[in-house]
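Below you'll find the structure, written out as structure tokens, and then a few comments.
What follows is the structure, encoded as structure tokens:
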């Protein structure tokens, strides 16, 4: 069985799932999602509220916390690591200590694997080192993965299967179904405007400096208006009130504002129901909205750079080759 540690928001969770699922499929083995406790509970860490686990809304092929069978499988397969972790991860002191260790570059999971003599089975992607790493796909069974794995190269060969895995278990809400119907009948283009931590956190803000500009979104709108007959732009954002008041775009706009953060998975699915997509640079959320779009003639617009910082900029690994570059 392959174990992947799940954390962060839904877009990141999807990259983690897809890369780990590709490895598990290659090995003909199962997959277990080791969901970070903060991710499971939306814990307030002082500066932010942790994202919620939303992969369970999809028809994924994996076990995860809350499934008794999955917990038992992992404890028997991974042994020392999961046996210890499953007993300690609910302990507040242990969680706080683990977070402190990670802040200084020490991963508690790696220490557990080293103590059990299985360190070679622990694959950790360094934070910020987000280029494609082919060695990941050469790992043996019973490996544990920690990272973001922001590259289509890990799993694009399995896209048809992933499209099935990432169908919702339950129907969309009535409001989302009504919006979906409008998207299907229009020359629909989704626009994702990311705000949140890239506004409030100086580090994240530096990643997007000069990339997600008003000019980028305006140029993207012009791009589609020149090529489509009467396009309708469906705008998504984690700060939709700001977008309505501050981002002036030259087009026919519909603001998708009926879903809260707990129903972000519905927004992601609605993005994929549009015929075309405007992504938000290094946003895994809008990346998946575009990737899951099944429209045969879709056009996806992207920023030129993935990240403003050179050592984190791997656009050829992150963006699909046929996505269209629009300058900021």
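Residue numbers (the numbering used here): 3 to 330. Where a beta carbon is used, it is the ideal one built from N, C-alpha and C, also for glycine.
- In terms of Cα proximity to residue 158, the closest of 287, 320, 330 and 140 is 320.
- Here the alpha carbons of residue 56 and residue 215 stand approximately 29 Å from one another.
- Short of 6 Å from the beta carbon of residue 195, and not among the five residues preceding or following it, lie these beta carbons of its own chain, in chain order: 239 and 245.
- Here residue 247 is exposed. Its C-beta has fewer than 16 other C-beta atoms within 10 Å.
- Under the three-state reduction of DSSP, residue 326 is assigned to strand.
- Per DSSP, the unbroken beta strand (DSSP E) holding residue 8 starts and ends at 4–8.
- Taking 8 Å as the upper bound for CB-CB distance, residue 235 and residue 193 are in contact here, some 5 Å apart.
- DSSP, reduced to helix, strand and coil, places residue 146 within a strand of the structure shown.
- A contact between stretches requires three or more CB pairs, one per stretch, nearer than 8 Å, and the segment 150–167 meets this requirement with the segment 5–23.
- For residue 261, the secondary structure class from DSSP, reduced to helix, strand or coil, is coil.
- Membership of residue 301 in any alpha helix (DSSP H) is not indicated, and neither H nor E is assigned to it by DSSP.
- Ranking 280, 66, 125 and 329 by CA distance to the CA of residue 191 puts 280 first.
- In the structure shown, residue 243 falls within a helical segment according to DSSP collapsed to helix, strand and coil.
- The DSSP-derived three-state label of residue 233 is strand.
- Pairwise C-beta distances place the segment 255–270 out of contact with the segment 128–141, as fewer than three of them are shorter than 8 Å.
- The three-state secondary structure of residue 14, taken from DSSP, is helix.
- By the CB criterion at 8 Å, residue 123 and residue 145 fall inside the cutoff.
- Relative to the Cα of residue 7, the nearest Cα in the group 59, 24, 125 and 31 belongs to 125.
- With contacts defined as CB atoms closer than 8 Å, residue 167 and residue 63 qualify as a contacting pair.
- Around the beta carbon of residue 294, 16 or more other beta carbons sit within 10 angstroms, so the residue counts as buried.
- Secondary-structure assignment with DSSP links residue 189 through a beta bridge to 233.
- Between residue 278 and residue 300 a beta carbon distance of about 6 Å is seen, short of the 8 Å cut, so the two are scored as contacting.
- Residue pairing by DSSP places residue 280 opposite 193 and 303 in a beta bridge.
- Put simply, the backbone Cα of residue 137 is about 19 Å away from that of residue 317.
- Membership of residue 33 in the beta strand (DSSP E) is indicated by the continuous run 33–37.
- Inclusion of residue 209 and residue 284 in the CB contact set at 8 Å is warranted, their separation being smaller than that value.
- Annotation for residue 230: 189 place their beta carbon closer than 6 Å to its own, counting only its chain and skipping 5 residues before and after.
- In terms of Cα proximity to residue 29, the closest of 282, 37 and 4 is 4.
- The straight-line gap separating the alpha-carbon atoms of residue 325 and residue 289 is approximately 11 Å.
- One thing to note: residue 212 has its Cβ within 8 Å of the Cβ of residue 310.
- Shown here, residue 220 sits in a helix according to DSSP, grouped into three states.
- In the displayed model, residue 203 falls within coil according to three-state DSSP, outside both helix and strand.
- Residue environment analysis places residue 298 among the exposed positions, since fewer than 16 neighbouring C-beta atoms fall within 10 angstroms of its C-beta.
- Secondary-structure assignment with DSSP links residue 238 through a beta bridge to 194.
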